[in-house]
Amino acid sequence: MSFVVPSSRAALIPAFALTLMLASCAAPAQPPAESHDVAQTATQDEPAPLHVHDAWIKAADGGMTSAFATLHNESAEPLTLSGASSDIADDIELHEMTGGTGATSMKELPGGITVEPGASVELAPGGLHLMLMGVHEAVKPGQSPVIALELADGSTIPVRFEVKSFTGANESYAPESEHGMGH
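Under our numbering, read the sequence shown as residues 67 to 249, first letter to last.
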């Protein structure tokens with residue numbers, strides 16, 4: 067059995083097939099996931115002036131824990147990290163460790179952490195860090211909660227932090243103690 071297709075319809079078949087092929091090559095409807103190590107500002111048109119690399123949180127059963135990262139200032143002006151917030155903790159403070167060999171203590175940095183133009187600042191165990199207090203539930207390896215870094219100019223940069231097991235620094239947190247804990 068053979069079919070005879072009128073010439074006007076025959077011309078439409080390849081055009082229809084081409085349209086289907088092009089539609090299947092279109093960009094996906096969902097945007098790609100954000101990078102875990104580079105911060106993005108709320109406006110996607112311009113790059114964030116503060117790039118955040120190797121962001122991680124020490125795994126904990128709740129209560130208190132610390133977060134670390136490397137901050138790099140891509141702008142021509144100094145940037146000051148003035149605070150941070152997250153859904154996983156009641157409060158986040160900027161801290162530094164003080165003291166040398168022997169007793170060390172933790173001290174809040176109410177003035178923030180300034181990153182000079184083109185420079186990097188490392189938030190690391192035993193040094194500058196984010197102190198998460200009132201952590202609502204256990205943070206476990208494999209999780210990656212978001213912490214919003216707050217700059218002195220009022221802008222915020224959401225950053226995804228990877229949770230890791232870390233046994234260094236022998237941290238011990240007591241909820242009723244002030245910031246003089248072994249850290």
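For every residue, glycine included, the Cβ atom is placed at its ideal position computed from N, Cα and C. Predicted, not measured: the structure shown is a model, and the values here were computed from it.
Cβ-heavy atom distance, residue i to the ligand SAM, below 7 Å
i: proline 207; result: In the structure shown, the ligand SAM is absent, as is every other ligand, since no ligand is present at all.
Cβ neighbours of residue i in the same chain (closer than 7 Å, five flanking residues each side left out)
i: glutamate 143; result: Pro183
i: serine 141; result: Pro115 and Pro183
Beta-carbon contacts of residue i that lie in its chain and below 8 Å, excluding the five residues immediately before and after
i: valine 225; result: Ala105, Val118, Ala121, Ala135, Val212, Ile213, Ala214 and Leu215
i: glutamine 110; result: Low local confidence applies: a pLDDT of 43 at glutamine 110 is under 50, so the model's placement there is unreliable, with the coordinate-based value given in what follows. Excluding sequence neighbours, glutamine 110 sits near nothing in its chain.
Contact under 8 Å by Cβ, residue i with residue j
i: histidine 195; j: leucine 175; result: no
i: threonine 146; j: alanine 190; result: no
i: aspartate 251; j: glycine 193; result: As shown, the chain starts at 67 and ends at 249. That puts residue 251 outside it, with no answer to give.
i: phenylalanine 227; j: alanine 114; result: no
i: lysine 230; j: lysine 124; result: yes
i: glycine 178; j: serine 210; result: no
Close-in-space but distant-in-sequence residues of the same chain around residue i (CB under 6 Å, 5 per side omitted)
i: alanine 204; result: Asp127 and Gly128
i: threonine 222; result: Ala214 and Glu216
i: glutamate 159; result: Glu174 and Met197
i: histidine 138; result: His117 and Ser186
i: glutamate 188; result: Thr136
i: threonine 180; result: Pro144 and Thr146
i: threonine 170; result: Met163
Status (buried if at least 16 other CB within 10 Å, exposed otherwise) for residue i
i: threonine 233; result: exposed
i: histidine 202; result: exposed
i: threonine 34; result: The structure shown does not extend to residue 34, since the chain is modelled only from 67 to 249, so the question has no answer here.
i: serine 152; result: buried
i: alanine 150; result: buried
As assigned by DSSP and simplified to three states, the class of residue i
i: glycine 234; result: helix
i: valine 229; result: strand
i: threonine 170; result: coil
i: aspartate 157; result: strand
i: serine 210; result: coil
i: alanine 150; result: strand
i: alanine 114; result: coil
i: proline 97; result: The pLDDT assigned to proline 97 is 35, lower than 50, so where the model puts this residue is not dependable; a value taken from the coordinates is nonetheless given after this. Three-state DSSP puts proline 97 in coil, outside helix and strand.
Residue i at chain D interface by Cβ criterion, 8 Å
i: leucine 145; result: Among the protein chains of the structure shown there is no chain D, as only one such chain exists.
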